Amino acid sequence: MEGNDKHIKTAHMVLGRDLNHHDTLFAGQGASYLIECGFFAAQGFLDTTDIVFLGLDGFRFWRPVRKGETFALESTLVAAGRTSVAVHVLLTVHDEAAAEAFATFVRVDGGGNATAHGLSLPPLTGAAALLRQRYDRYQEAGR
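By full-length UniProt numbering, the letter at position 85 of the sequence shown is numbered 85, and the numbering carries on one by one without gaps.
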């Protein structure tokens, strides 16, 4: 059965609790925001909260995100395996790319074991297809 990508969009303001010693977004907090956005996308696609985070690939900052700046997060589903879903999340500030990552989630049963979700993505085109190729390269490099 084919599922639908909900393309989650959310925003946050960088507050004091989010900062590192340079007064910019702490990388760990940035990763948390990226994973959260990816979780919402996976949850919408699978229509369940019975998912767990598996891994983060290609996490990179291109510019600092400073205290008081508001940033946007946008998700794109790039892969659906038998039990897993992969989501690309882009973090932007003033429409400028600031960070990105691929977050992978796994559908689990009541015992916490991976279980098939029975969904597939429709064929990807354009930018989503290019993101899928990048995701696949990360997966191949990790083997």
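Cβ coordinates follow ideal geometry from the N, Cα and C atoms, glycine included.
All of these numbers come straight from a predicted model, not from anything done at the bench.
Secondary structure within the UniProt domain "HotDog ACOT-type" (4-111): the alpha helix (DSSP H) runs of 4 or more consecutive residues, fully enclosed, are 27-46 (chain order). The beta carbon of P64 lies closer than 6 Å to those of T24 in the same chain, with the five residues before and after it left out. For the options G44, E74, S120, L15, the alpha carbon positioned closest to that of A80 is the one of S120. One thing to note: R134 has its Cβ no nearer than 8 Å to the Cβ of G30.
In this structure, F61 keeps its C-beta atom at 8 Å or more from the C-beta atom of I35. The three-state reading of DSSP puts A128 in helix, counting H, G and I together.
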